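K.L.:
This structure is in structure tokens; I'll ask about it shortly.
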Ligand SMILES: Nc1ncnc2c1ncn2[C@@H]1O[C@H](COP(=O)(O)OP(=O)(O)OP(=O)(O)O)[C@@H](O)[C@H]1O
Ligand SMILES: [Mg+2]
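In our numbering, the protein residues as written are 133 to 376.
As structure tokens, then:
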């Protein structure tokens, strides 16, 4: 299976080289768990590798996202300028927002359309898509409707060959009975837990599912620094193979 690099070398190593090409991977986690930063690494890597990328943002403004990326050394403005990256602000239609694209300037799109309509209009040459955060659309619908919606989003993006990260907050994920996880090709969970020995709170990544991929079920420890996501040193698969 072809892979698309995640933008985090240690994560690539954990999932046989990257996210499965043309498939969707779900990233879930609580507030501040690092979900958006995982998305930023993927978009930045996609852009530096010359791919057409799109971020559909439902919560943060494009300005905040660009600033967050800049702070962790994953500047994206140049890719907005050369039209490799489009940041689409998808607002819930029920907010009745009157914001217009003009407020954000070139490279940004504002849509009051339903998320399905917005995904339907993703250009066919787009290779990398990040949806951050799909959870807001889950709150005002039944779980069956949500499951149908997420399946449809998956099919539409898979049909045009996009490799997609679907970010979902833990609250919406739990409220929808974790259904999203069955719909996607892979699932990554981010969490913060207290280390019982040190009493310190630490960040963990769990990969419960990645179809067609040899994954370890062990949790991985990571940090968020001024360089973005970095994993605490654990032996990589290639190092383990050398030892054997
Ligand atoms: N330069 C930095 N150095 C250290 N930690 C940082 C830095 N920048 C961000 N962080 C950490 O990353 C966290 C935010 O990560 P991120 O925005 O990806 O979370 P999230 O899971 O998307 O949260 P939300 O659910 O609110 O959208 C911050 O709470 C902060 O702890
Ligand atoms: Mg976020």
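Built from N, CA and C at the ideal position, the CB exists for glycine as well.
These figures come from a predicted structure and were not determined experimentally.
Could you please give me the residues that DSSP links to residue 186 through a beta bridge?
P.N.:
218 and 261
K.L.:
Once DSSP output is grouped into helix, strand and coil, what is the label at residue 333?
P.N.:
In the structure shown, residue 333 falls within a strand segment according to DSSP collapsed to helix, strand and coil.
K.L.:
Would the beta-carbon of residue 249 be found less than 7 Å away from any heavy atom of ligand 1?
P.N.:
Within 7 Å of the C-beta of residue 249 there is not a single heavy atom belonging to ligand 1.
K.L.:
Is it true that the CB of residue 187 sits closer than 8 Å to the CB of residue 203?
P.N.:
no
K.L.:
What is the rounded straight-line gap between the Cα of residue 264 and the Cα of residue 331?
P.N.:
Each residue's Cα considered, the two are about 32 Å apart.
K.L.:
What whole-angstrom Cβ distance do residue 318 and residue 281 have, given they're in contact under 8 Å?
P.N.:
About 19 Å; that fails the 8 Å criterion.
K.L.:
Where does residue 328 sit, in a helix, a strand or coil, going by DSSP?
P.N.:
coil
K.L.:
Can you list, in chain order, the residues of its chain with a C-beta nearer than 6 Å to that of residue 177? Leave out the 5 residues immediately preceding and following it.
P.N.:
137 and 139
K.L.:
To the nearest angstrom, how far is the alpha carbon of residue 349 from that of residue 148?
P.N.:
14 Å
K.L.:
Pick out the complete alpha helix (DSSP H) segments inside the region 254-308, 4 residues or longer, and give them in chain order.
P.N.:
275-291 and 302-307
K.L.:
Would you tell me roughly how many angstroms separate the C-alpha atoms of residue 361 and residue 205, rounded to the nearest one?
P.N.:
11 Å
K.L.:
Just the C-alpha distance for residue 172 and residue 359, rounded to the nearest angstrom, thanks.
P.N.:
12 Å
K.L.:
With a CB to CB cut of under 8 Å and the five nearest residues on each side skipped, what residues in its chain are close to residue 154?
P.N.:
Within the same chain, and ignoring the five residues on either side of residue 154 in sequence, the residues whose Cβ sits closer than 8 Å to its Cβ are 134, 290, 293, 294 and 295.
K.L.:
Within 10 angstroms of its Cβ, does residue 315 collect 16 or more other Cβ (buried), or is it exposed?
P.N.:
buried
K.L.:
Please list, in chain order, all residues with a C-beta atom less than 6 Å from at least one heavy atom of ligand 1.
P.N.:
161, 163, 164, 165, 166, 167, 168, 169, 203, 204, 301, 356, 357 and 358
K.L.:
Buried or exposed: which applies to residue 207, given that a residue is buried once 16 or more other Cβ atoms fall within 10 Å of its Cβ?
P.N.:
By the 10 Å Cβ count, residue 207 comes out exposed.
K.L.:
In this structure, does DSSP put residue 250 in helix, strand or coil?
P.N.:
Of the three classes helix, strand and coil, the one that applies to residue 250 here is helix, per DSSP.
K.L.:
When we look at the beta-carbon of residue 199 and count the other beta-carbons within 10 Å, is it buried (16 or more) or exposed?
P.N.:
exposed
K.L.:
DSSP state of residue 194, grouped into three classes?
P.N.:
helix
K.L.:
Give the single residue among 272, 259, 220 and 275 whose Cα lies nearest to the Cα of residue 249.
P.N.:
220
K.L.:
Taking the straight line between their C-alpha atoms, what separation do you get for residue 279 and residue 267?
P.N.:
Whole-angstrom Cα-Cα distance: 12 Å.
K.L.:
Hey, would you say the C-beta of residue 144 is under 7 Å away from at least one heavy atom of ligand 2?
P.N.:
Using a cutoff of 7 Å, the CB of residue 144 does not count as near ligand 2, since none of the ligand's heavy atoms is closer than that.
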